[in-house]
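Reading the first sequence from the start, the letters are residues 155 to 405 in our numbering. Glycine included, C-beta positions come from ideal geometry on N, C-alpha and C. Structure record follows, encoded as structure tokens.
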Amino acid sequence: MHWMDLYHRLLEIYGPRGWWPLPSRAGRDGRDERGYLPGGGPPSDRAGIFEISVGAVLTQGISWTNAERALLRLLENDFLDPRRIADCPPETLASLVRPAGYYNVKARKLIELSGFFLGLRPDGPGFRAPGRTDLLRVWGIGPETADCILTYAFGIPSFVIDEYTRRIFGRTGLADPKEPYEKLRTAVERGIPDSPAVYAEYHALIVEHGKLRCRTRPDCRPCPLLSCCEYGLSSLSYETARTKHDTSSLV
DNA sequence: CGCCAGGCAACAC
DNA sequence: GTGTTGCATGGC
Numbered sequence: 155m156h157w158m159d160l161y162h163r164l165l166e167i168y169g170p171r172g173w174w175p176l177p178s179r180a181g182r183d184g185r186d187e188r189g190y191l192p193g194g195g196p197p198s199d200r201a202g203i204f205e206i207s208v209g210a211v212l213t214q215g216i217s218w219t220n221a222e223r224a225l226l227r228l229l230e231n232d233f234l235d236p237r238r239i240a241d242c243p244p245e246t247l248a249s250l251v252r253p254a255g256y257y258n259v260k261a262r263k264l265i266e267l268s269g270f271f272l273g274l275r276p277d278g279p280g281f282r283a284p285g286r287t288d289l290l291r292v293w294g295i296g297p298e299t300a301d302c303i304l305t306y307a308f309g310i311p312s313f314v315i316d317e318y319t320r321r322i323f324g325r326t327g328l329a330d331p332k333e334p335y336e337k338l339r340t341a342v343e344r345g346i347p348d349s350p351a352v353y354a355e356y357h358a359l360i361v362e363h364g365k366l367r368c369r370t371r372p373d374c375r376p377c378p379l380l381s382c383c384e385y386g387l388s389s390l391s392y393e394t395a396r397t398k399h400d401t402s403s404l405v
């Protein structure tokens, strides 16, 4: 199997995932109730770019639902802004992002991230995009978070390697999951088209499949009838209910 | 109750 | 460079 074979298979099964969610715009601008924009692209405005970057930090080591809760608390308290976060006492910030776990660490990371954004050069409605090494120099931004920010916030393709990626590429035999981050990333990037849309969609599909089926304890049970079974569709989670094809014979 | 969830820095060797 | 540990909440 080739890298793109898995991509096309996942796309058939789950359909376009809609880049990275912007909970602040859920239900608006063509976004769904969680803030995803299927078939969309990166935000062109500074607020959207910053919100995705904050989300990438908040979701470190934690489920998106918990990160989303913290993100909404920042939003409700008018703290989804680099200036406001940079000037906020760490204890206040920590109490706001409490649902995301590791809240003291993440408060500091958000302050560092905000300082970095305050130094970015505005460029039209957005920013001049930072380099990958610039992002990696920020305390709290490691390789995965940097690649999420580059790909999903700025639309600059840099393939995201996370635990789901390692697991799914490992189980399908596409890669050795124990390889170091940079080796895996360059291997994937050599095998797929150099397109922001493909990078963003591929990783989003990997996350979707990782959450729904290819978990630590995988659910490899195929259900060929899912697409035409009303009981199955009505009783399953929203992600699965949106599936338009059966999920058999994958991984 | 135990396990897991879209990591990272700091440190040991 | 590889391996381990602390950080901490919420869902199942």
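(1) Output the distance between the C-alpha atoms of R321 and G309, rounded to the nearest integer angstrom.
(2) Starting from L250, trace the alpha helix (DSSP H) both ways and give me its first and last residue.
(3) When we look at the beta-carbon of P197 and count the other beta-carbons within 10 Å, is it buried (16 or more) or exposed?
(4) Could you check if H156 is buried or exposed, using at least 16 other CB atoms within 10 Å of its CB as the buried criterion?
(5) Should R369 be labelled buried (16 or more other beta-carbon atoms within 10 Å of its own) or exposed?
(6) Sort K365, P243, E355 and C242 by Cα distance to R163 and report the nearest one.
(7) Would you be able to state if there are at least three C-beta pairs under 8 angstroms between the region 242 to 257 and the region 169 to 184?
(8) Determine the burial state of K362: buried for a count of at least 16 other Cβ atoms within 10 Å of its Cβ, exposed for fewer.
(9) So what does D232 bridge to, in DSSP terms?
(10) As a quick exercise: from A329, R200 and A221, pick the residue whose alpha carbon is nearest that of G255.
(11) For V211, collect the residues of the same chain with a Cβ closer than 8 angstroms to its Cβ; drop the 5 residues on either side in sequence, then sort them by chain order.
(12) Closer than 7 angstroms by C-beta to D373: which residues in its own chain qualify, once you throw out the five before and the five after it? Chain order, please.
(13) Do you know offhand how far I239's Cα is from L274's?
The structure says:
(1) A direct Cα-to-Cα measurement between R321 and G309 gives close to 25 angstroms.
(2) Under the DSSP assignment, L250 falls in the alpha helix (DSSP H) whose first and last residues are P244 to L250.
(3) Buried: at least 16 other Cβ atoms inside 10 Å.
(4) By the neighbour-count rule (16 or more Cβ atoms within 10 Å), H156 is not buried but exposed.
(5) With fewer than 16 other Cβ atoms inside 10 Å of its own Cβ, R369 counts as exposed.
(6) Among K365, P243, E355 and C242, the Cα nearest to that of R163 belongs to E355.
(7) Three or more Cβ pairs closer than 8 angstroms define a contact, and the region 169 to 184 falls short of that threshold against the region 242 to 257.
(8) Reading off the sequence shown, one finds Glu at residue 362, where the question assumed Lys. Under this definition E362 is a buried residue.
(9) Beta-bridge partners of D232 (DSSP): none assigned.
(10) Out of A329, R200 and A221, A221 has the C-alpha closest to the C-alpha of G255.
(11) Cβ neighbours of V211 beyond the five flanking positions: K260, K263, L264, L267, G294, I295 and T299.
(12) Non-local C-beta neighbours of D373 in its own chain, meaning closer than 7 angstroms and more than five positions away in sequence, comprise R367, ordered along the chain.
(13) I239 and L274 have their C-alpha atoms roughly 16 angstroms apart.
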